[in-house]
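The structure under discussion appears below in the form of structure tokens.
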Amino acid sequence: MKLIKHAVWGLICFIALFPGLSLAEQREFNMTIDEVTIDVAPGFTNKVFAFNGQVPGPLIHVKEGDDLTIHVTNNTALAHTMHWHGVNQTGTWKNDGVPGVTQPQIEPGDTFTYKFKVDRPGTLWYHCHVNVWEHVATRGMWGPLIIDPKSPSKLEKKVTQDVIMMMSTWESTYANAYGKGGAPQDVSDFFSVNGRSFPFTQPIRVKKGDVVRFRMIGAGDEVHEMHLHGHDQLVAFKDGYPLPVPYYDDTTPVGPGERYDTIVDMNNPGRFIFHDHVDKHMSNNGAMLGGPLTIIEYEGIPVDSWYAWKDIAYNPDFFYSESM
3 MKLIKHAVWG LICFIALFPG LSLAEQREFN MTIDEVTIDV APGFTNKVFA FNGQVPGPLI
63 HVKEGDDLTI HVTNNTALAH TMHWHGVNQT GTWKNDGVPG VTQPQIEPGD TFTYKFKVDR
123 PGTLWYHCHV NVWEHVATRG MWGPLIIDPK SPSKLEKKVT QDVIMMMSTW ESTYANAYGK
183 GGAPQDVSDF FSVNGRSFPF TQPIRVKKGD VVRFRMIGAG DEVHEMHLHG HDQLVAFKDG
243 YPLPVPYYDD TTPVGPGERY DTIVDMNNPG RFIFHDHVDK HMSNNGAMLG GPLTIIEYEG
303 IPVDSWYAWK DIAYNPDFFY SESM
């Protein structure tokens, strides 16, 4: 008995001295793929294949080293898979989600279980890997996968708020026709952040002194030039990896599949827009204003009668703070 007590006490002391070596957790999730229609912009709806019935799919927020078990049930009429974009799949290559290479497709009505260790931290994402040009580019089959590091950097420890922004594209021509769209000759005419175009997007509410980490993910098939008014962005991470030399910019280009993390000191109270600087992207099928546009709202700033969002029904989790 004394020997067991000494061993347990020794383990506790070891973990206390080396917190970065904390034990991995076993995390288990149940996910579905569903046929859903979403309101992307005023007057525009789009049929999607939605993870757990929502676009983007639910946030999976875990820690580096965790072991994940994810059961995926396909409730749609077409086949799918799930690719864990950025996960190395060390020793678990059959969980990479590529049909005909690492696994068979998940056929309608079937369930597939993925098991793997998240062995690298950062801003990652997941998406379907069947008919990517349609399922990902125009059907909303994507969601965020955030992996916290065992040993966060000094910069990461300063962050007080995470904001996840997934930029995407839509095609009105095939919006309601499953099995079509996304081909190179097809034209995208709606653009969104987290599945919605302005004015269906949401504000980002902050207070002076906050340090915000914007996790920007290119989920569509075009480059989005994301420009924040009134603040400098410290570009600190690319595709989940910390940059050796972070740099400041005010416009960050986010291409298909790319992730950029910027750190912003909220030190300039007021209201400032955060938007795509590609002119076409700021429209809803040519009608201005639209697209991936949000507004930074500081606490304590009076709401003017002429403010575009003075009566908005605020959704605090539009930018994904709650994990599954």
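3 is the number of the first residue of the sequence shown in the working numbering; add one for each residue after it.
Cβ atoms here follow ideal geometry from the backbone N, Cα and C, with glycine treated the same way.
- Cβ-Cβ distances below 6 Å link residue 176 to 182, 183 in the same chain, with the five nearest sequence neighbours on each side left out; the list follows chain order.
- Less than 8 Å separates the beta-carbon of residue 163 from that of residue 212.
- DSSP places residue 135 in no beta strand (DSSP E) but in the uninterrupted alpha helix (DSSP H) bounded by 134-137.
- The three-state reading of DSSP puts residue 27 in coil, since its state is none of H, G, I, E or B.
- Counting other Cβ atoms within 10 Å of its Cβ, residue 146 reaches 16 or more and is therefore classed as buried.
- Residue 171 counts as buried, since at least 16 other C-beta atoms from the protein chains shown sit within 10 angstroms of its C-beta.
- For residue 159, the uninterrupted alpha helix (DSSP H) run begins and ends at 156-160, by DSSP.
- The secondary-structure analysis by DSSP pairs residue 125 across a beta bridge with 148.
- The alpha helix (DSSP H) runs of length 4 or more contained entirely in the stretch 54-140 are, from start to end of the chain, 134-137.
- Cβ atoms of residue 64 and residue 50 stay farther apart than 8 Å, at about 25 Å.
- Under the three-state reduction of DSSP, residue 278 is assigned to strand.
- In this structure, the straight-line span from the alpha carbon of residue 201 to that of residue 152 is close to 38 Å.
- DSSP, read as helix, strand or coil, puts residue 176 in helix.
- Runs of the beta strand (DSSP E) lying entirely within the stretch 157-237, each at least 3 residues long, are 163-172, 192-195, 206-208, 213-220, 226-230 in chain order.
- When only Cα atoms are considered, residue 148 and residue 85 end up about 14 Å apart.
- Short of 7 Å from the beta carbon of residue 272, and not among the five residues preceding or following it, lie these beta carbons of its own chain, in chain order: 232, 300, 303.
- Counted as a single uninterrupted DSSP element, the beta strand (DSSP E) harbouring residue 295 occupies residues 295-300.
- For residue 44, there is no enclosing beta strand (DSSP E), as DSSP gives it neither H nor E.
- When C-alpha distances from residue 215 are compared across 268, 99, 173, 142, the shortest belongs to 268.
- Within the same chain, 73 come within 7 Å of residue 32 by CB-CB distance, once the 5 residues on both sides are set aside.
- In the same chain as residue 43, and ignoring 5 residues on each side of it, the C-beta atoms closer than 7 Å to its own belong to 192, 199, 202, 286, 292, in chain order.
- Bridge pairing for residue 269: absent [DSSP].
- Around residue 326, the same chain offers 31, 60, 61, 62 as residues with beta carbons nearer than 7 Å, after the five sequence neighbours per side are excluded.
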